[in-house]
Structure formats: C-alpha cells, structure tokens
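Quick note: the sequence shown uses full-length UniProt numbering, first residue 1, plus one each step. Accompanying notes for the structure given below.
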Amino acid sequence: MLTVTMKEQERPARSSAQSVVLRNVVKSYDGMTAVVKGIDLNVQAGEFLTILGPSGSGKTSLLMMLAGFEQPTSGEILLGGNDVSRLPPYKRNIGMVFQQYALFPHLTVAQNLAFPLEMRGWARDEIAGRVAWAMNLVRLKGLEERRPAQLSGGQQQRIAVARALIFDPELVLMDEPLGALDKQLREQMQEEFARIHRELKPTIIYVTHDQGEAISLSDRVAVFDGGRISQIAPPKDLYEKPESAFVATFIGETNRIPVRRASASLDTFQMADGRLVSAVAVGMGSSDDRGYLMVRPERLRRIAGREYLPNVLEAIVLEATYHGDNVRVRAGTITGDTELLYRISNDGNQPVPHVGEQVLLGWRTEDARAFPAS
Ligand SMILES: Nc1ncnc2c1ncn2[C@@H]1O[C@H](COP(=O)(O)OP(=O)(O)OP(=O)(O)O)[C@@H](O)[C@H]1O
Numbered sequence: 001m002l003t004v005t006m007k008e009q010e011r012p013a014r015s016s017a018q019s020v021v022l023r024n025v026v027k028s029y030d031g032m033t034a035v036v037k038g039i040d041l042n043v044q045a046g047e048f049l050t051i052l053g054p055s056g057s058g059k060t061s062l063l064m065m066l067a068g069f070e071q072p073t074s075g076e077i078l079l080g081g082n083d084v085s086r087l088p089p090y091k092r093n094i095g096m097v098f099q100q101y102a103l104f105p106h107l108t109v110a111q112n113l114a115f116p117l118e119m120r121g122w123a124r125d126e127i128a129g130r131v132a133w134a135m136n137l138v139r140l141k142g143l144e145e146r147r148p149a150q151l152s153g154g155q156q157q158r159i160a161v162a163r164a165l166i167f168d169p170e171l172v173l174m175d176e177p178l179g180a181l182d183k184q185l186r187e188q189m190q191e192e193f194a195r196i197h198r199e200l201k202p203t204i205i206y207v208t209h210d211q212g213e214a215i216s217l218s219d220r221v222a223v224f225d226g227g228r229i230s231q232i233a234p235p236k237d238l239y240e241k242p243e244s245a246f247v248a249t250f251i252g253e254t255n256r257i258p259v260r261r262a263s264a265s266l267d268t269f270q271m272a273d274g275r276l277v278s279a280v281a282v283g284m285g286s287s288d289d290r291g292y293l294m295v296r297p298e299r300l301r302r303i304a305g306r307e308y309l310p311n312v313l314e315a316i317v318l319e320a321t322y323h324g325d326n327v328r329v330r331a332g333t334i335t336g337d338t339e340l341l342y343r344i345s346n347d348g349n350q351p352v353p354h355v356g357e358q359v360l361l362g363w364r365t366e367d368a369r370a371f372p373a374s
C-alpha cells in the first residue's frame, strides 16, 4: 500500500526568506477606533522578533491576527509567501505558546505532544519518533507518561514549547510565555529558549512586557506605541540609538534633562540654568526647539582626578542604594532643577559617595541623545 502521509502533502516548502509579511494591517474592534494602525512588517525566516510595548498598545491584537483568532479590519498577512489573512487558525501552520501552558490535563505528556501530529495526519511510527525527538529537545526524557499536573511550572512550559515546535511550523507565536514563572526559572527558561532557537532556528514572534527578556533573546525588537511600531531594531541599536524619547524612556533607565537647542548646526543645547551641553541631536530641527537630552545612567560618569569630559555638571548626592552588583546613586544638580542617576559598579575599587557629598558627573557627546519634547 502506498502511504503518503498528510505531513508530506501538507508541509509547505520553505522557499521564501521572508517568513512573515504584514502589509498595512489595521484592526478596529468597534469599527470606529483602530487599536492596530497600519502595521508593515517583514520577519525573516529563522528570526526571533519580539514585540514590546506598554499595556494596550496592540501587541496581543497583532498576535491574535497572526494566529487567526482575529481578522484584520484591513491589510494583508502573508505566511511563507501565502496570504493567510482570511484563513482559520487550524489552517495556518503556526505553533503557539501562551502564559498559561494550555496543555490537555487528561492526556499524558507524550499524548499532548502527539496531538498536533495526529491532527496533521502523521503516521503512528513517525509520531513516536518525533515525540522522542521533542522530549530530547526540551531535555525532559523519561517524563513521557506523566500528566501535566505532575510537572512543575517550568516543565509544563517546556512541554508547551515542544508541542508548539513538534510539527515544524512556519511560525511560532509566544505570548508572555514566561509570565507565570518566578524570576530564577524565567532566567533558566530564557537560556533554554535561546538554545532551542540556536539549534532549530524557527521563526518566532514573541510578546513580552519584560525588557530584559526582549533584549537578551531577540534578533530584533519592535517597540509598539498606540497601535504603531515606534521603532524596530536589533536590541543593541534600540538601547543605544533610540530614535525617539518614547523608546529611550521605555527601554531601560535614562536621565532626562530639559534643554533647548542652542544652534541648528551644532549639537549644542542649553539647560534651564543657561549652561551649554552637547549631545547627538535626533529629530530636533531649528535652534530654540525644546526637548530632552537623554543619557543612560551607565554612561554618566563620576569624574575623578584630571579626566576630561566635554559635559560636566556639579551635583549633590541625594541617595545611594545598594543593589548587590552595583550601587545606584541619585543626585541633584547644584541649580536644583535636574535629578541625575548614575551607577557605581560594586567592584571594590570605587568609593560609594555619602548623601550630601558634592560630585562631578560628566558624559561624552556621543553617549547622549537629544529628542524633541513631543
Ligand atoms: N476583543 C476585543 N474587543 C474590543 N476591544 C479589544 C479587544 N481586545 C483588545 N481590545 C482593545 O484593544 C486595545 C489593544 O489591546 P491589546 O490587548 O492588543 O494590547 P496589548 O498591548 O496586548 O496590552 P497588554 O500588554 O495589556 O496585554 C486595548 O484598548 C483593548 O482594550
């Protein structure tokens, strides 16, 4: 008998380098206000893309449209080159992992893993081999006969990940998959995700509130703001070269100094007390424009001895907080109008200043960026 499994018939050829393409995707639930406002996005095959943004910015709505649980009001979603905008979820070749593991409680681990393969008509002997492969992938060999309730939260989430990957999907969607786990387990699981992504190179779109997770796991991060992509870039660029004040403040901590542009041609800015400082101007046009100069706490340095920096402010220490590997120092400028934050590495070489001590804090021009006020 000729057995042609559905797996062979249905598995799409991975031809296009672009796994996911979104063209002007809009979503409105009430027909009046759009919560996703015209997203254009290309995700490369094998890319790990994270969607990060404040609550209500449209992250889950976008994920639900990718999964097929919601339809776009307008625009197109292409998966592996095919328009899937109107296809139901089960006809899209997508694996999903949610915060709540969503394993079937009455099935064993092996049966949970076999389920998506049975749905796709895989042959029985192939299923057994693939389940063994998946148990190996998530390093849980030996637990095949347990039920989900007999596993820890971290183990359940690994099974959920294995189940999402087992049928070799075109795309894996993950919505806050580590949200239910404690900090230590989250960190372990991040390493696990990174390893699995390195080994298998699935295309992943990952939604999280956790910046640390986004920065350490992703090839690129898309920062959402009010239904739009505010910036999409590799984590390092996003952190070090934000293109807007919103991204600079949303990702990581930053000092924010109100300034006016002193000259349209030079990167010089005037602080409220009249002092001139310098930074890379981003989207600040003519002179006199108001905005904010932003510099990361780790790029603001206490000046010791004869060190030269082009920008120096005198400040009084207001608070020094111990954080284990570093001490976080809050200081106010002498003129009293700006608060500054900097960190001292707890390496035993740097003295921790006491409250009330006067310090000189400085930065290099290239370490600060100035953005328009709105
Ligand atoms: N099914 C729905 N019906 C009506 N409005 C919805 C629905 N789902 C989401 N919304 C609204 O759409 C907007 C975007 O919500 P969405 O859940 O996509 O944001 P989010 O960025 O994922 O937020 P969070 O991080 O809080 O999950 C919100 O104003 C929300 O109230």
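By construction, the Cβ of each residue, glycine as well, lies at the ideal position given by its N, Cα and C atoms.
Boundaries of the beta strand (DSSP E) around M271: 268 to 271. In terms of Cα proximity to M271, the closest of G53, V312, Y206, Q111 is V312. Secondary structure note for S345: its beta strand (DSSP E) is the uninterrupted segment 339 to 345.
Relative to ligand 1, the beta carbon of S55 is positioned inside 7 Å of a heavy atom.
Between S218 and Q190, the gap from beta carbon to beta carbon reaches 8 Å or more. Only residues of its own chain outside the window of five on either side were considered, and among them T50, L52, A214, P235, L238 have a CB closer than 6 Å to the CB of V221, listed in chain order. Exclusion of the five residues before and after A160 leaves V97, Y101, A102, L103 as the residues of its chain whose Cβ lies within less than 7 Å of its Cβ.
Secondary structure in the stretch 35 to 82: the beta strand (DSSP E) runs of 3 residues or longer, each lying completely within the stretch, are 36 to 44, 48 to 52, 74 to 79 in chain order. Between M64 and I232, the alpha-carbon positions lie close to 20 Å from each other. By the Cβ test, the stretch 74 to 88 is in contact with the stretch 18 to 32, since at least three Cβ pairs between them sit closer than 8 Å. Non-local C-beta neighbours of S28 in its own chain, meaning closer than 6 Å and more than five positions away in sequence, comprise A34, T73, ordered along the chain.
The Cβ neighbour count for D175, taken over all protein chains shown within 10 Å, is at least 16; the residue is labelled buried. If you check the C-beta of G285 against ligand 1, you find no heavy atom less than 7 Å away.
Under the Cβ criterion (8 Å, minimum of three pairs), the stretch 243 to 250 counts as touching the stretch 360 to 371. Per DSSP, Q188 is one residue of the alpha helix (DSSP H) stretching across 183 to 200. According to the DSSP secondary-structure assignment, L313 is paired through a beta bridge with L361. For S278, the pairing in a beta bridge is given by DSSP as T268. Counting only residues of its own chain and dropping the five nearest sequence neighbours on each side, E319 has a CB closer than 6 Å to the CB of R330.
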